[in-house]
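Residue numbers (our numbering), protein chains in the order written: chain A, 445 to 541; chain B, 42 to 228.
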């Protein structure tokens with residue numbers, strides 16, 4: 445089932461990229477990143493079935509990093525909200541040239 | 042599940058959960074309400090857990106449900122609740138120009154990934170058909186992943202604990218209300 449799994453993984457990753465680009469809510473954008481991580485995990489698991497277990501070990505690490513990233517990222521979003529009273533990314537343009 | 046002799050039910054369930062995942066993901070990126078979006082993403086993650094089980098990764102499937110759908114998404118829901126963002130008034134989808142750009146980038150990435158998946162890998166690298174399934178039958182679902190994790194990848198595993206410690210400290214520092222000398226809130 446490797447080609448099918450890679451197909452689903454590719455479509456999910458593209459949906460994640462699409463979501464990052466069209467949404468303005470910082471939390472939704474952040475969740476789209478999680479969706480992309482999940483899509484890559486699906487590829488890893490599919491490859492692990494065909495080429496050896498190391499892919500599953502890597503999924504384990506990706507999940508750990510995703511959990512750490514979610515904790516820090518959501519803390520940043522809360523700090524941002526406290527500062528600006530919004531999570532709309534069009535209003536967060538301090539670094540815009 | 043052995044290769045070559047895939048029963049129809051296996052293929053059917055694989056496609057079923059794959060398309061549930063894709064449709065839920067599409068609904069997730071198009072919902073106006075953040076709470077509805079989170080719940081559709083949870084649905085995607087459950088379908089992915091089912092796909093992991095079908096791909097002989099039962100442990101990863103369980104972790105997917107426990108950590109991703111269970112813990113990470115609940116934290117997202119908590120933040121949406123704390124910031125009172127659940128109403129989704131007017132939606133937050135960007136203008137038509139952004140949609141076209143996003144669609145083009147999405148299709149470009151999809152095409153690239155399809156081109157990469159067409160590449161052939163050496164047949165000597167592939168495991169014999171049904172290798173993972175027989176390994177699980179012999180040693181259980183956790184032993185095949187635990188052995189490399191605590192041997193070849195032990196250093197990476199230990200470094201992960203430092204990463205988690207840094208994340209915990211970072212989250213506390215960022216989430217803390219900062220006060221100046223008179224006790225007034227600063228940020």
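We treat Cβ as the ideally placed atom computed from N, Cα and C, and that holds for glycine.
Residues bridged to residue 467 of chain A by DSSP?
Against the first chain, residue 467 of chain A aligns to sequence position 23. Answer is B:134, bridged to residue 467 of chain A.
Check whether the region 212-219 of chain B touches the region 508-524 of chain A, counting contact only when three or more Cβ pairs, one atom from each stretch, lie closer than 8 Å.
By the C-beta criterion, the region 212-219 of chain B is judged to be in contact with the region 508-524 of chain A, since at least 3 inter-stretch pairs fall below 8 Å.
Relative to chain E, which residues along the region 480-492 of chain A have a C-beta separation below 8 Å, given in chain order?
No chain E appears in the structure shown, which is made up of the protein chains A and B.
Provide the residue span of the alpha helix (DSSP H) that contains residue 177 of chain B, from first to last.
Working through the second chain from its first residue, we reach residue 177 of chain B at position 136. Unbroken alpha helix (DSSP H) run through residue 177 of chain B: 172-180.
Beta-carbon separation of residue 503 of chain A and residue 491 of chain A under 8 Å?
Locating residue 503 of chain A in the first chain gives position 59, where the first residue counts as 1. Locating residue 491 of chain A in the first chain gives position 47, where the first residue counts as 1. Taking 8 Å as the Cβ cut-off, residue 503 of chain A and residue 491 of chain A do not qualify as a contacting pair.
Considering only the alpha carbon of each residue, which of B:55, B:103, B:115, B:95 lies closest to residue 82 of chain B?
Stepping through the second chain from its first residue, residue 82 of chain B is reached at position 41. The shortest C-alpha separation from residue 82 of chain B is found at B:115.
Please list, in chain order, all residues of the same chain as residue 42 of chain B whose beta carbon is under 6 Å from its beta carbon, the five residues on each side excluded.
For the purposes of this step, residue 42 of chain B is taken as residue 1 along the second chain, with counting starting at 1. Its pLDDT being 47, under 50, residue 42 of chain B is placed unreliably by the model, and the measurement read from it follows with that caveat. Correct list, in chain order: 51, 174.
With 16 other CB atoms within 10 Å as the buried threshold, where does residue 510 of chain A fall?
Position 66 of the first chain, counted from the first residue, corresponds to residue 510 of chain A. Buried: at least 16 other Cβ atoms inside 10 Å.
On the premise that residue 480 of chain A lies in contact with residue 501 of chain A, defined as a C-beta separation below 8 Å, what is that separation, rounded to the nearest angstrom?
Sequence index remark: in the first chain, residue 501 of chain A carries index 57 (1-based). Sequence index remark: in the first chain, residue 480 of chain A carries index 36 (1-based). No, residue 501 of chain A and residue 480 of chain A are not in contact; Cβ-Cβ is about 20 Å, not under 8 Å.
Pull up the distance between the alpha-carbon of residue 536 of chain A and that of residue 524 of chain A, whole angstroms please.
Position 92 of the first chain, counting from 1, holds the residue named residue 536 of chain A. Position 80 of the first chain, counting from 1, holds the residue named residue 524 of chain A. Roughly 9 Å between the two C-alpha positions.
With a CB to CB cut of under 6 Å and the five nearest residues on each side skipped, what residues in its chain are close to residue 467 of chain A?
Residue 467 of chain A sits at position 23 when you count from the first residue of the first chain. Excluding residues within five positions, the ones whose Cβ falls inside 6 Å are 473.
Closer than 8 Å, Cβ to any Cβ of chain A: which residues of the region 142-175 of chain B, in chain order?
142, 143, 144, 146, 147, 148, 150, 151, 154, 155, 158, 162, 166, 167, 168, 173
For the region 58-69 of chain B, which residues have a CB atom closer than 9 Å to at least one CB atom of chain A, in sequence order?
58, 59, 60, 62, 63, 66, 67, 69
If we define contact as Cβ-Cβ less than 8 Å, is residue 115 of chain B a contact residue for chain A?
Counted from its first residue, the second chain places residue 115 of chain B at position 74. So no, residue 115 of chain B is outside the interface.
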